[in-house]
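Taken in sequence, the protein lines are chains H and W.
Quick note, the first sequence lines up with residues 978 to 1341 if you use this note's numbering.
Quick note, the second sequence lines up with residues 3 to 497 if you use this note's numbering.
Step one of this worksheet: look at the structure below.
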Amino acid sequence: MDKKNKISGLQVKALVITTVIGISILSLPSTIATILDNSGWVAIILGGLVTVPFIIMIDKTIELYPGKTSPQISREVLGPVISNLFLIIFLCYLILFLAYMHRSAAEVIKAYLLETTPTEVIIITMLLAISYMARGQIQDLARMALIIYPIIIGFVVFLILVNLPSMDYTNIYPLFNINFKAIPKGIWTIFFSFAGYELLYFFLPYVEDKEGALKYSLKAMLIVTLVYLIVFFVTLSQFGIHQLKREIWPGIAVTRVVDLPGLFLENLDGIVIAIWIMVIFGTIGPILYASGIILAELFKTKTHKLFILPLLPIVYIISLLPDNLFETYEKLGSILNYFALVSIVIMPTIVFIVAYMKKRREKA
Amino acid sequence: MLSKDLNRNIETLKTIFKDCDDIVYRFIEIGDTNKVQACLVYTDGLINKDVISEFVIYALFIANEGGDFNLSKFKSNLLDTISKEAMTIAEVKEEENMDKIVDNILIGETMFLVDKIDKALTLSTRGWPTRIVGEPETETVVRGPRDGFTETLKFNTTFIRRRIRDPRLKIKNIQIGRRSKTDVAIMYIEDIVNDDLLKEVKKRLDKIDIDGILDSSMLEHLIEDNYLSPFPQIENTERPDTAAAAIYEGRVVIAVDNTPFVLMVPATLGTLLQTAEDYYSRWTIASMIRLLRILCAFLSTLAPALYIAITSFHPGLIPTRLTYYLAASRINVPFPAVVEAFLMEITIEIIREAGTRISGPIGTTIGLVGGLVIGQAAVEAGIVSPLMIIIVAITAISAFVLPSYELASGLRFWRFIFMVLAAILGLYGIMLGAIILSSHLVRLNSFGVPFTSPYSGLGIEEGDLKDTLVKAPIQKLQLRPEFTFPKNRRRMKKR
């Protein structure tokens, strides 16, 4: 009775938000503050703006080929050989992304909730739970996203409310003392926090309302940017720039400092991280789903469900390669950044340009 | 096919109804000059004897005495004459098929067979002992109608008809069950209900091939989308007003004979948390109670798991003084928190089960003794901590706040999974459980409608949250909910 496997514009918005906002929001304020000091907000805004042309390109590419999934479009646009190469690079990127997410999430959970549990156990259980979610169809992921979405908004509102009494607004200043030389580096670092929008390739073909889809995706990016800005300003005004630089996960640490009279829970950070796990799942689930879809296209099978379980050991091994959190962020993070550059900046551009030219030639 | 010989027909019936001593054969003779043999066949207990004596047999004899009922004149179409001039009963139908005759006898009609005629008359004489219409036992309201459905399908459809006096309210009867031949009525308003939904309902009902249906829950399990899930995907109610409201929303109501519970499809998480009372009380308190219900759904699922996680993994999360108190109260408890929690949860499940099976004074005694056991004695014996008692009580009571018993049972089942997960991995384990549970919930469909609507997207932009998360004043609920995809959206004139 319903339109089989269709998602609505609102669900796309929620999907983009939950996919983009994940683990990096917790470390983002300190990362950006180390590079740009108080003017980190410039990089956040610019980082959000940079994604806009790519989102538009993805949307237009899919609009050119209605009724086709993204791997099919790429095959049609680029031919089977190059298309497969692109898909494999994209798949590598997604697997790296997954490994990175799992490892850093496991480290956060270890630090705040389960001090003595081995990292391996946390990663395995997380993978198993998420594989159940990723075996669903896109409509199931979309419904899930809309259930997770209020958690993010609730988190931001909660963050503002509990911090209001103890915030020191003077910490924000100087606002406009901008180090222009550092801005490119700032954007390069922060850009990865906006990664996740590329999964629009897998969402948009299923949207009912094609015209509204772009509007909803851009709106989602606006909300993501706003959330990042709020978290940045709240942590900045709470900690001050010097302490902010020293924090690993200022996004959580900020809830530790607050102490409201009459509050039932004392250490909010544990509770916040527990609830935030849900949001992390909201990021990992669609990525694992997309990896399955790519594999299904490469091996020409009807369903992606077959490939979810075989992917798990690969992600597991890669996620355990770094020795500690620092290596995760530095090594895995930087390799990931290069892969991200190729798969979410360069490849969408190539696909869009070739697709556009082809369609023009067809018309002429 | 019937034969022309009455005795042959009766013999056939008697072979079919061999050893069925509740079938009664009453021979009479009609006509004044040419006497003709006739026979009434019916099932004892399913018919109203007064009707047969007064409006069938007596009426036939009166017609004889008056002389105007001369059989010889009407040899050509005797049965027609009898039904038109002699019978004083409301519903009379001709029937010639033997199988149909057998069926009719079994549903409580009386068959009137006449010698030398290969047709029979079906006289509607149905009447059997019924329960008095009483207040529904499960969904009571402080204010609102107090009549409840009963076991008789005819009464139940009447309750709906009395609330929807519209010719476009359709009540379609079908029979399900090879042997039980249970009457099932499908009710909907023609110009509101979505055609695809209706088609799907009929398709699924037609597919059923079973020997007997005893209760609407059996039908529910046979037609729902995912029969393995612990959660119900079809709503049921004992209240005619709730069923009528569902029909007005564009849903399809399925009533089954012999049960007071009717089914409403599609059902969503939103509708399973609504009660009739919400619509009869003022919107402020109704909204508050709806939010409370959602809180209770979480509490009844998670409270014991949270207790386990916090006491055994994260004592630092709660205020220090509470931690001290908790540690002090648990100092005599010889078990880890998970054993303590399981012990108490299983105890309360036993008490609940015993209390449900036995009603009346013994049930009260069980509750009293059970309450004493888990309340005081267990604490004094040092087996459990007082806080655990509070948690168990809150959990059990929260489950009763949920209007849908089936939904509460599904969550009850998950409560134990959450407890195990919390015992292994603490809060992280609970979140793992949450992700698996919600992945399962979002996959469920009820007749093609996402079960988690409206929280998962369908209808949010159309304003369905106004009547699920909270309850807006009736002036603000001008549109029907979106999840049924109604043909006619507006139910109130724009103001």
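Think of the CB as a built atom: it goes at the ideal place given N, C-alpha and C, for glycine as much as any other residue.
This one's a predicted model, so the numbers in the text were calculated from it and none came from an experiment.
- For W:SER440, a Cβ of chain H is located within less than 7 Å of the residue's own Cβ.
- Listed along the chain, the chain W residues whose CB falls inside 7 Å of the CB of H:GLY1189 amount to none; the nearest CB is some 11 Å away.
- Sixteen is the threshold: when 16 or more other Cβ atoms of the shown chains lie within 10 Å of the Cβ of H:GLN988, as they do, the residue is buried.
- Any Cβ of chain W closer than 7 Å to the Cβ of H:ALA1082 would place that residue at the interface, and such an atom is absent.
- In this structure W:HIS442 is buried. Its beta-carbon is surrounded by 16 or more other beta-carbon atoms within 10 angstroms.
- By alpha-carbon distance to H:ILE1250, the top candidate from H:GLY1262, H:ARG1233, H:TYR1266, H:ILE1261 is H:ARG1233.
- Only buried fits W:GLN276, as 16 or more other CB atoms lie within 10 angstroms of its CB.
- Interface with chain W (7 Å Cβ-Cβ cutoff): H:SER985 is included.
- The Cβ of H:ASN1140 sits no closer than 7 Å to any Cβ of chain W.
- A straight-line Cα-Cα distance of about 51 Å links H:LYS1308 and W:ASP469.
- Under the 7 Å criterion on CB atoms, H:ILE1124 is classed as interfacial with respect to chain W.
- Taking H:ALA1159 as the centre and dropping the five residues before and after it, the same chain places the C-beta of ILE1012, LEU1013 closer than 6 Å to its C-beta, in chain order.
- In this structure the segment 1283-1294 of chain H lies against the segment 1102-1115 of chain H, because at least three pairs of beta carbons, one per stretch, are closer than 8 Å.
- Take H:VAL1211, set aside five residues on each side of it, and the residues of its chain with a beta-carbon closer than 8 Å to its own are LEU1136, ILE1137, ASN1140, MET1144, VAL1231, in chain order.
- Under the three-state reduction of DSSP output, H:ASN1061 falls in the helix class.
- For W:ARG28, the enclosing beta strand (DSSP E) stretches over residues 25-32.
- If you draw a 10 Å sphere on the C-beta of H:TYR1146, you find fewer than 16 other C-beta atoms in it, and that means exposed.
- Boundaries of the alpha helix (DSSP H) around W:ILE291: 285-314.
- Residues of the segment 450-469 of chain W whose Cβ lies closer than 8 Å to any Cβ of chain H, in chain order: GLY450, VAL451, PRO452, THR454, TYR457, SER458, GLY459, LEU460, ILE462, GLU463.
- As a beta-bridge residue in DSSP terms, W:TYR44 pairs with W:VAL26.
- In this model, W:SER458 and H:GLY1189 are separated by some 19 Å (Cα to Cα).
- The three-state secondary structure of W:ILE49, taken from DSSP, is strand.
- Residue contact with chain W for H:ASP1300: absent (no Cβ-Cβ distance below 7 Å to any residue of chain W).
- When secondary structure is reduced to three states using DSSP, W:ALA246 falls in the helix class.
- Leaving aside the five residues that flank W:SER314 on each side, the residues in its chain whose CB is nearer than 6 Å to its CB run, in chain order, ALA339.
- A check of alpha carbon separations from H:GLY1247 across H:GLY1017, H:LYS1087, H:MET1034 identifies H:LYS1087 as the nearest.
- Not one beta carbon of chain W lies nearer than 7 Å to the beta carbon of H:ASN982.
- The contact set of H:GLY1247 on chain W, defined by CB atoms closer than 8 Å, consists of HIS316, GLY318, LEU319, LEU429 in chain order.
- Ranked by Cα distance from W:VAL371, the options W:ILE350, W:ASP21, W:MET266, W:GLU93 are led by W:ILE350.
- If you draw a straight line from the Cα of H:ALA991 to the Cα of H:PHE1209, it is about 22 Å long.
- Per the Cβ contact rule, the segment 249-269 of chain W is not in contact with the segment 431-441 of chain W (fewer than 3 Cβ pairs under 8 Å).
- Residues of chain W whose Cβ lies closer than 8 Å to the Cβ of H:LEU1091 are, in chain order, PHE315, LEU427, GLY428, TYR430.
- Minimum Cα-Cα distance from W:ASN158 among the listed residues W:VAL264, W:THR17, W:ILE176 corresponds to W:VAL264.
- The beta carbon of W:VAL381 is closer than 8 Å to those of SER387, PRO388, ILE391 in its chain, skipping five residues each way along the sequence.
- For W:ARG295, no CB of chain H lies under 7 Å from its own CB, so it is not counted at the interface with that chain.
- When C-beta distances to chain H are compared with 8 Å, the residues of the segment 465-497 of chain W below that value are PHE487, in chain order.
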